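Let me begin by presenting the structure, written as structure tokens, before commenting on it.
So this is what it looks like as structure tokens:
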């Protein structure tokens, strides 16, 4: 069986449309972050890992309504209660409000014990993160993502060229922007695993981009490669790697879907982010990374011409045609 | 590595053997999120910033050792106690279900002191000074605002109330400055007003609802300075009922302890044979015993406060000279509490207060659910990938599937070899890496197909395919590895587990695709003519 055998799509010519599409998605994401600031007070729905606070997951023996729990925890003043998968499982999240670490959790446990029978529920998970740790984690998460950019940029710059690295990072930033937008729109809770998922997306998206870039590099170095029209050369490289791109993304998506469907609620957000990341990463390696490479090349070429028409000797893609 | 087929096969078998060996010997540790348990991050509590970096680091080192002893004695299997950075400790206790008990065991400083109880007279001369300092420090306005409830004198039901519920008006004349600021509703004896004379020598009684306020006053630096030099005040742990109200005793003791827990040799929980109450019996070192016995000989008839972490546990009277052993009465406590106290006393006092920065618990049932669901997802994902590879690449796909089997063994062996902890995101990382593991194979196979299409003979096409795909596989894997190593640096617990499994998965998929699948190809091709077409 063969998919996309002898594919010959003009991907680069569709870059403008893709840029528009991506721009729209990012715009939606950013506006929803701004809306979030107004409605929930922060860009994203930060979980206790980052905002500090307590999370308590309760499992009841029988189905209970959120309303019953809410009234047990103080009615209108109750902290947010969300159902967690099953009918009988709930998560309560509460800020620490300047109190000692344990106070909030213990109070909620006592309130539950007062309203329901002791044997009718059990607390299956608690998380309490002090404000100091939360703030530290925010910084660390940002740094981790930043460092992954810098290091991969260096690696690609060494293995390929700085321009390839820059294009790859642009594509990855694009992926992260769209993912963050998605998180903001659906108000998915940002917890530690979510950051892990985002970093995995960075890795996956780079992986995909590099396979295409590797083919571009190879085609450039093949006979006549440097004289070939760059648009055509890049299109050809994308088309040649298309079967692999589709198949690998396909198998990865299949396993992730399995994880999403049967993997349980605890890991659902994490998996959703990964799935989105694989889709966006595949899309961006074709429609964002390669056109970006072309643009960067064009920009550098023009700059060098202005500098006095010094002839470039090492340039991999000498651009004559625009996007 | 080895050119000959036999050499390759032997290498592969050795790798499988080593992996299997590690798996059998080490087995894979499950993270707290899978087996249930408690995760704590503790820091030296130093709100005033009085300790130097070295002091904090040193305190954490000693605290780590003491916690290890306490936790070992408590009987937790495979706990993790680890210093992080210069002033933090991570404690992971698998399978703990009584969260509060475990925490008190860890957090309790267990600083034991024996102090002589002295009459309250020594403090009474200082009371008016203390009150004035409080008024100056807190300000009349704030005192008024802090709510009159807290500042009302104890109910009159106790026989003699020192200074009773005197109003500000009668006392205010002591100090002209204060008089100017005073408001009628404000009590200018804020501390004294909370004290009622005690039922025992050397004690006051404070109504339970006022304890917090009184502690706050006593904690003020100005008040600390106003206290008589040779005295200290300690709350009693127990709450006592007098009439309709609940009270706590406030003891006046000598400032210096004549004996501390450092001189303790052993401590055991037991039941008082007479009243069947929980108590802790202790034995002192030789030097401690001598000091104890000399001291008690001089103070027959006096009371001795046994102070644990600044609170009085019990204050027995000395009936006779006491030797090298004694008993701490625990009042109405459970034997379990006595056992915990004995344990922390044996392990020694923490050098500083530890503050909990982060706390996570997972119940065992939730962990088991996660394991079941994760394994199910893994199996389904694996079957799906196998099906795709077989339909798409036929015989070559089958070889890749064999490579994937090797990959699984290598990953599990790698996890065991590195003593990695498998967490829920870790399982996801494994499943994800199955999807990505076939990537290298797909890259190679697509290359082989291309070479075949160009008209190369089978043998050449396979060799070229592996060679041409090499650079893409290396670059793609290295960048993924870079991000997962950063993740490892950044993460704790579950996230770290994810980074580890992902990293091991990447390396394993690299080996299995480039070496194992290649070997399988060589075996497959060696049985046929180099021109015979292969099924790919």
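Protein chains in written order, with our numbering: chain U, 176 to 498; chain G, 88 to 623. C-beta: ideal position from N, C-alpha, C; glycine also. Please read all numbers here as calculations on a predicted model, not as lab measurements.
Check                                                                                                                                                                                      : Outcome
Identify every residue that forms a DSSP beta bridge with residue 200 (chain G).                                                                                                           : G:347 and G:394
With 8 Å set as the bound, which would you pick, yes or no: does the beta-carbon of residue 34 (chain G) sit closer than that to a beta-carbon of chain U?                                 : Chain G is shown only over 88 to 623; residue 34 (chain G) falls outside these bounds and no answer can be derived.
Do you know how far the Cα of residue 411 (chain G) is from the Cα of residue 243 (chain G)?                                                                                               : With a pLDDT of only 38 at residue 243 (chain G), under 50, the local geometry of the prediction cannot be trusted, and the value read off the model is given with reservation. C-alpha separation (whole angstroms): 44 Å.
Between residue 225 (chain G) and residue 216 (chain G), what straight-line distance do the alpha-carbon atoms span, to the nearest angstrom?                                              : 14 Å
Contact defined as beta carbons within less than 8 Å: I believe residue 124 (chain G) pairs with residue 183 (chain G). What is the distance between those atoms, to the nearest angstrom? : 5 Å
Between the C-alpha atoms of residue 449 (chain U) and residue 515 (chain G), what's the straight-line distance to the nearest angstrom?                                                   : 10 Å
Are any of the Cβ atoms in chain U nearer than 8 Å to that of residue 439 (chain G)?                                                                                                       : no
Could you check the C-alpha separation between residue 135 (chain G) and residue 518 (chain G) for me, to the nearest Å?                                                                   : 48 Å
Residues of the region 457-478 of chain G with a CB closer than 7 Å to any CB of chain U: list them in chain order, please.                                                                : 457, 460, 461, 463, 464, 467, 468, 471, 472, 475 and 478
State the Cα-Cα distance for the pair residue 472 (chain U) and residue 91 (chain G), rounded to the nearest angstrom.                                                                     : 46 Å
Buried or exposed: residue 265 (chain U), going by 16 or more other Cβ atoms within 10 Å of its Cβ?                                                                                        : buried
By how many angstroms is the C-alpha of residue 151 (chain G) removed from the C-alpha of residue 212 (chain U)?                                                                           : 42 Å
Between which two residues does the beta strand (DSSP E) containing residue 184 (chain U) stretch?                                                                                         : First-last for residue 184 (chain U): undefined, no H or E at that position.
Given a limit of 7 Å on CB to CB distance, which residues of the region 512-540 of chain G reach chain U?                                                                                  : 512, 515, 518, 519, 521, 522, 523, 525, 526, 529, 530 and 533
From this set, G:563, G:567 and G:428, which residue's C-alpha is nearest residue 354 (chain G)'s C-alpha?                                                                                 : G:428
So, does the region 433-448 of chain G touch the region 295-305 of chain U, judging by three or more C-beta pairs under 8 Å?                                                               : yes
In chain U, which residues lie with their C-beta within 7 Å of the C-beta of residue 172 (chain G)?                                                                                        : Those within 7 Å of residue 172 (chain G) in chain U number zero; the least Cβ separation is about 10 Å.
Kindly indicate the opening and closing residues of the alpha helix (DSSP H) around residue 476 (chain G).                                                                                 : 451-504
Contact check, residue 181 (chain G) vs residue 119 (chain G) under 8 Å by CB: the rounded distance?                                                                                       : 6 Å
With residue 133 (chain G) as the anchor, note down where its beta strand (DSSP E) starts and where it stops.                                                                              : Neither: residue 133 (chain G) is in no beta strand (DSSP E) and is coded neither H nor E.
Tell me whether residue 163 (chain G) sits in a helix, a strand or coil according to DSSP, three-state version.                                                                            : coil
Along the region 269-289 of chain U, what residues have a CB closer than 7 Å to any CB found in chain G?                                                                                   : 276
Given this structure, state the Cα-to-Cα distance separating residue 365 (chain U) from residue 348 (chain U), to the nearest angstrom.                                                    : 18 Å
Hey, does residue 150 (chain G) have any beta-carbon neighbour from chain U nearer than 8 Å?                                                                                               : no
For residue 365 (chain G), list the residues DSSP reports as bridge partners.                                                                                                              : G:358
Assuming residue 160 (chain G) and residue 430 (chain G) make a contact with CB atoms under 8 Å, what is their CB distance in whole Å?                                                     : 5 Å
Three-state secondary structure (DSSP) at residue 226 (chain G)?                                                                                                                           : coil
Below 8 Å on C-beta distance, what does residue 316 (chain U) contact in chain G?                                                                                                          : 577
Excluding the 5 residues flanking residue 140 (chain G) on each side, which residues of the same chain have their C-beta closer than 7 Å to its C-beta?                                    : 173
Can a CB atom of chain U be found closer than 8 Å to the CB of residue 573 (chain G)?                                                                                                      : yes
Please state the DSSP three-state secondary structure of residue 267 (chain U).                                                                                                            : strand
Would you say residue 176 (chain U) lies against chain G (beta-carbon separation less than 8 Å)?                                                                                           : yes
I'd like to know whether the C-beta of residue 330 (chain U) is nearer than 8 Å to at least one C-beta of chain G.                                                                         : yes
Under three-state DSSP, which class holds residue 158 (chain G)?                                                                                                                           : helix
With three or more beta-carbon pairs closer than 8 Å as the criterion, would you say the region 199-209 of chain G touches the region 336-347 of chain G?                                  : yes
Among G:281, G:318 and G:317, which residue has its Cα nearest to the Cα of residue 303 (chain G)?                                                                                         : G:281
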